[in-house]
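First up is the structure itself, then whatever we jot down about it.
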Ligand SMILES: C[S@@+](CC[C@H](N)C(=O)[O-])C[C@H]1O[C@@H](n2cnc3c(N)ncnc32)[C@H](O)[C@@H]1O
């Protein structure tokens, strides 16, 4: 049976139960993840940080069997949904873990070991007391830069104008930044749950695809991160209702 989210088909369908897989990554190692050991082969690795219900990553794992995928989110309930759908689609190139995006990069991702890092609609945090929880900070971007293999790619997207203004100011310091106008050609109604809701509400969605600057060393990236401002922008509380829905 085809599942729908806000009228948009969810990628893939459940396969017969004997082909279900186990997408839960429950125990993190003390150090770096060993990608070939985790997925049983050598393949480019795609990360989705704050993956929510896994909509983008499940679609990517289905469309790109040549790539291995790991999604993390701090909310156990969304990871439960993501795992269930991933398992039922019989995907062996997909794992989900309950974990913060920054923590994943800082403790568990070896330098230059992943091909793509996606970050769709990071939580803007409207309450001033929670602003320090925002994912995209200069230190986070230095970790993203360190995690990417040469030629690696970052995708970042939000419907929050304040967050986007910040992203446009800081991301180009570490990455070659290409803003993408219009919708995703592979998913005009939205790649992710939040994007579908924002698009249906006719909110602008801002997105960019970036490549790590090759001439920036790890030490230089860390020094830049120390000098750049933290994300203290006003997230505009009027957008908060949409968050409750998403
Ligand atoms: C607005 S939702 C977007 C979810 C999904 N990417 C989408 O576009 O539909 C933001 C998600 O980020 C998660 N989140 C918040 N802080 C995080 C962090 N530090 N690391 C990982 N996930 C985080 C939240 O639990 C939530 O699922």
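Residue numbers (this note's numbering): 14 to 259.
A virtual CB, placed ideally from N, CA and C, is assigned to each residue, including glycine.
Given the structure is predicted, the values throughout are model-derived calculations rather than measurements.
- prompt: By a C-beta neighbour count over all protein chains shown, 10 Å radius and 16 as the cutoff for buried, is residue 102 buried or exposed?
  reply: buried
query: Quick one: is the Cβ of residue 208 within less than 7 Å of any heavy atom of ligand 1?
result: yes
- prompt: When the distance is taken between beta carbons, is residue 154 closer than 8 Å to residue 187?
  reply: yes
- prompt: Would the beta-carbon of residue 135 be found less than 7 Å away from any heavy atom of ligand 1?
  reply: For ligand 1, at least one heavy atom lies less than 7 Å from the Cβ of residue 135.
field: CB contact flag (residue 69, residue 61, <8 Å)
entry: Contact annotation: residue 69 and residue 61 have beta-carbon atoms nearer than 8 Å.
- request: Report yes if the C-beta distance between residue 167 and residue 157 is below 8 Å; otherwise report no.
  value: yes
task: Look at residue 150 and residue 243 and say whether their C-beta atoms are less than 8 Å apart.
output: yes
task: Quick one: residues in its chain with C-beta nearer than 6 Å to the C-beta of residue 21, no 5 flanking neighbours on either side, listed in chain order?
output: 202, 209
- prompt: Leaving out five residues before and five after residue 147 in sequence, what residues of the same chain have Cβ atoms less than 6 Å from its Cβ?
  reply: So the list reads 138, 244, once near-sequence residues are dropped.
- prompt: Any heavy atom of ligand 1 within a distance shorter than 7 Å of the CB on residue 113?
  reply: Checking the Cβ of residue 113 against ligand 1 gives yes.
Contact between the region 210 to 221 and the region 105 to 120 (3+ Cβ pairs under 8 Å): no
message: Is residue 86 near ligand 1 - that is, is its Cβ less than 7 Å away from at least one heavy atom of it?
response: yes
- prompt: So what's residue 36 in DSSP terms, helix, strand or just coil?
  reply: coil
query: What are the boundary residues of the alpha helix (DSSP H) that includes residue 69?
result: 68 to 76
task: For residue 171, name the three-state secondary structure that DSSP assigns.
output: strand
- prompt: Bridge partners of residue 235, per DSSP?
  reply: For residue 235, which the question treats as bridged, DSSP gives no partner whatsoever.
- request: For residue 176, collect the residues of the same chain with a Cβ closer than 6 Å to its Cβ; drop the 5 residues on either side in sequence, then sort them by chain order.
  value: 137
- request: Quick one: grab the DSSP three-state call for residue 130.
  value: strand
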